[in-house]
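Take a look at the structure below.
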């Protein structure tokens, strides 16, 4: 029988990964800053208090996200080369047969290094 199960995707940290992650976060911060400026502009032009309240909530969400990303950016230099960090989870299809160890089926991982698959666990 084939079943779908979660597979963790990990990245082995390298200088290239740190550089790419830094660039990705900096790009996201620039985009957020533009969105915050746009929301400020809309807030100034808005007359309805309900709409202003909704725009303020959206602005606050983006400010929170910005702070979160800035914290992540500060922590990047602290990550050791060779360390494995979880990048996400994907669904994989596995073959299950009677007698298989259930725990070994669920602990599947893919390890990436510089964009290439290095290990399947």
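Numbering (the numbering used here), first residue to last: 1 to 121.
Ideal placement from N, C-alpha and C gives every residue a C-beta, glycine not left out.
Only a predicted model underlies this, so the values are computations on that prediction, with no experimental measurement involved.
Can the beta-carbon of residue i be found closer than 8 angstroms to that of residue j?
i, j, result
"residue 12", "residue 96", "no"
"residue 14", "residue 114", "yes"
"residue 18", "residue 85", "no"
"residue 28", "residue 69", "yes"
"residue 25", "residue 72", "yes"
"residue 59", "residue 79", "no"
How many angstroms separate the CA atom of residue i from the CA atom of residue j?
i, j, result
"residue 94", "residue 104", "11 angstroms"
"residue 201", "residue 1", "In the structure as shown, the chain starts at 1 and stops at 121, and residue 201 therefore has no counterpart that could be examined."
"residue 102", "residue 118", "24 angstroms"
"residue 44", "residue 55", "10 angstroms"
If you run the structure through DSSP and keep just helix, strand and coil, what is residue i?
i, result
"residue 108", "coil"
"residue 22", "helix"
"residue 53", "helix"
"residue 75", "helix"
"residue 119", "strand"
"residue 6", "strand"
"residue 65", "helix"
"residue 80", "coil"
"residue 46", "coil"
In terms of alpha-carbon separation, which member of the options lies closest to residue i?
i, options, result
"residue 91", "26, 108, 41", "108"
"residue 116", "2, 25, 9, 42", "9"
"residue 4", "120, 47, 89", "89"
Whether or not the region 25 to 32 and the region 59 to 66 are in contact is what I'm after, with contact meaning three or more pairs of Cβ atoms, one per stretch, closer than 8 angstroms; do they touch? yes
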